[in-house]
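A short worksheet on the structure shown next.
Residue numbers (the working numbering): -18 to 55.
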């Protein structure tokens, strides 16, 4: 459970709120209190009762588009 809490601290939305590697090592090695994590950089909502993504029932899924440019010398 401790490693999950530290992991949540490492993925906070604001990079300034994330712990340094040295503080992560200290948190994992000590038995002291771990600060409460703030909002993560991303998350996926899930309906626990149905076991399906709740976004699939609310809105249609979107597709990602990508453009690839091939650079060639003159």
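We put the beta carbon where it would ideally sit given N, CA and C, even for glycine.
Computed from a predicted structure; not experimentally measured.
- Annotation for residue 17: no alpha helix (DSSP H) segment contains it, and DSSP assigns it neither H nor E.
- Contact check for residue -7 against residue 19 passes: the beta carbons are separated by less than 8 Å.
- Going by DSSP, residue 8 is part of the alpha helix (DSSP H) stretching over 2 to 10.
- By the neighbour-count definition (other C-beta atoms within 10 Å, threshold 16), residue -10 is a buried residue.
- The beta carbon of residue 25 lies closer than 6 Å to none in the same chain, with the five residues before and after it left out.
- Rounded to whole angstroms, the gap between the alpha carbons of residue 2 and residue 21 is 18 Å.
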